[in-house]
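Structure, as structure tokens:
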Amino acid sequence: MTRYQFMVAALTFECQFPEGIDVQKFLRFYAPFLRKDHIDNPAFIFSTLDLVPDFDRDNLLETFSNDLGDVSVYQSGDSYVMTFGYNETGNVHYMVSDKLFTTIRVYIHWDGLYGPTALTSMLRVAFSQNILLHDGVSIHSSVISNNGYGYLFLGKSGTGKSTHTRLWLQNIDGSTLLNDDNPILRFEGDKLYVYGSPWSGKTHCYKNERAVVKSIVRLEQAPVNEFSKLSGVFAWTELFPSCAILKHCTDLYQIGIGLVNKIVSSVCIGHMKCLPNAEAAKICALKVGQFAD
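Letter by letter, the sequence shown follows residues 464 to 756 of my numbering.
Structure (structure tokens):
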């Protein structure tokens with residue numbers, strides 16, 4: 464068994480793999496997050512199963528799909544069992560965790576076409592739930608770093624998050640891309656940071672860096688460029704759907720709700736109706752600067 468420890472958003476987790484697994488192939492995007500020194504108490508341990516787990520498939524809690532496949536969540540005693548399926552191959556991969564996602568064991572078809580995809584999807588789900596215990600949340604977002612501050616842009620796939628960040632890169636001096644799909648928000652004291660992660664969608668942007676959150680803005684395609692600052696329930700409903708919080712993992716779900724409340728009361732939340740042009744980025748940057756300072 465080979466042990467690897469990674470640190471994402473200042474949270475360390477451990478992966479234990481059988482000898483012979485090509486870690487360079489399966490975890491090539493995790494290299495910036497690899498710890499050279501190991502700690503004794505990682506936040507969670509991710510190891511492997513020799514056999515497909517036995518569980519009652521009638522206890523289905525929820526299903527969802529993301530860019531990495533179709534996921535089903537089952538209750539099995541004091542554990543959760545998740546299946547990860549890919550229609551192209553018919554292979555199903557399995558993850559078994561305790562209710563706080565501190566001990567995770569997986570069965571993966573290592574030789575299959577989607578073995579690396581299954582592994583990174585499982586790690587992303589496990590991390591996104593465990594980080595809730597540590598005052599953090601994984602969020603579906605594209606994020607710009609500018610002079611030490613982070614600007615997050617939310618929206619459903621196809622809304623134009625990547626386009627808007629590209630416009631910032633082209634038109635707002637000092638802008639760099641921190642992550643293009645799945646950054647991590649985490650409080651340290653009363654300050655909220657956004658961290659890069661090994662999960663960045665189709666964009667190769669895997670940075671082990673952080674920035675202080677300046678604003679979180681939900682984008683809406685529109686025939687005008689118009690920014691609105693939100694508060695209270697309006698800000699909450701803009702933010703919560705983009706947070707990776709499994710609703711049937713009840714203990715963690717309640718923690719997640721409290722965390723979103725804390726975020727809403729700590730930083731500028733906005734809604735930006737926008738066109739895909741330079742003016743949109745300039746107006747957004749200007750308004751965020753006015754409302755967040």
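No residue lacks a Cβ here, since even glycine has one placed at the ideal position from N, Cα and C.
Rounded separation between residue i and residue j - CA only
i: L514; j: I508; result: 18 angstroms
i: T566; j: D541; result: 12 angstroms
i: I607; j: C731; result: 15 angstroms
i: F527; j: H667; result: 24 angstroms
i: C737; j: N688; result: 4 angstroms
i: L630; j: S638; result: 10 angstroms
i: V555; j: V569; result: 11 angstroms
i: C706; j: P481; result: 33 angstroms
i: K665; j: V675; result: 25 angstroms
i: Y549; j: S510; result: 21 angstroms
i: H572; j: S584; result: 14 angstroms
i: F496; j: G483; result: 22 angstroms
i: N609; j: D485; result: 36 angstroms
i: K499; j: F469; result: 9 angstroms
i: G611; j: L490; result: 28 angstroms
i: G719; j: A744; result: 30 angstroms
i: N724; j: N634; result: 33 angstroms
i: D636; j: L582; result: 37 angstroms
i: L615; j: N504; result: 31 angstroms
i: A506; j: H627; result: 34 angstroms
i: Q538; j: A494; result: 33 angstroms
Assigned exposure category for residue i - 16 Cβ within 10 Å defines buried
i: V696; result: exposed
i: T546; result: buried
i: P661; result: buried
i: H501; result: exposed
i: K488; result: exposed
i: L512; result: exposed
i: T465; result: exposed
i: K710; result: exposed
i: T713; result: exposed
i: S560; result: buried
Proximity of residue i and residue j at Cβ, strictly below 8 angstroms
i: P516; j: V544; result: yes
i: D644; j: S605; result: yes
i: K654; j: F754; result: no
i: A698; j: V727; result: yes
i: L617; j: I708; result: no
Residue-chain proximity (residue i, chain D), Cβ-Cβ < 8 angstroms
i: A707; result: The structure shown has no chain D; it contains just one protein chain.
>> For the structure I just gave you, are there three or more beta carbon pairs, one from the stretch 617-626 and one from the stretch 677-694, closer than 8 angstroms?
In response: yes
>> Is it the case that the stretch 568-582 contacts the stretch 646-658, given that we only count it when at least three CB pairs across the two stretches are under 8 angstroms?
In response: no
>> Tell me whether the stretch 732-740 and the stretch 692-708 touch, counting them as touching only if at least three CB pairs, one residue from each stretch, are closer than 8 angstroms.
In response: yes
> Mind pulling the beta strand (DSSP E) runs of 3 or more residues that sit fully within the stretch 562-609?
Replying inline: 566-570, 599-601 and 605-609
> Could you give the uninterrupted runs of the alpha helix (DSSP H) lying entirely in the stretch 617-682, keeping only those of 4 residues or more?
Replying inline: 624-634
> How do the stretch 466-479 and the stretch 589-605 stand: do at least 3 beta-carbon pairs fall below 8 angstroms, yes or no?
Replying inline: yes
>> Give the list of continuous alpha helix (DSSP H) stretches no shorter than 4 residues that lie fully inside the stretch 484-508.
In response: Segments of the alpha helix (DSSP H) lying fully in the stretch 484-508: 486-489.
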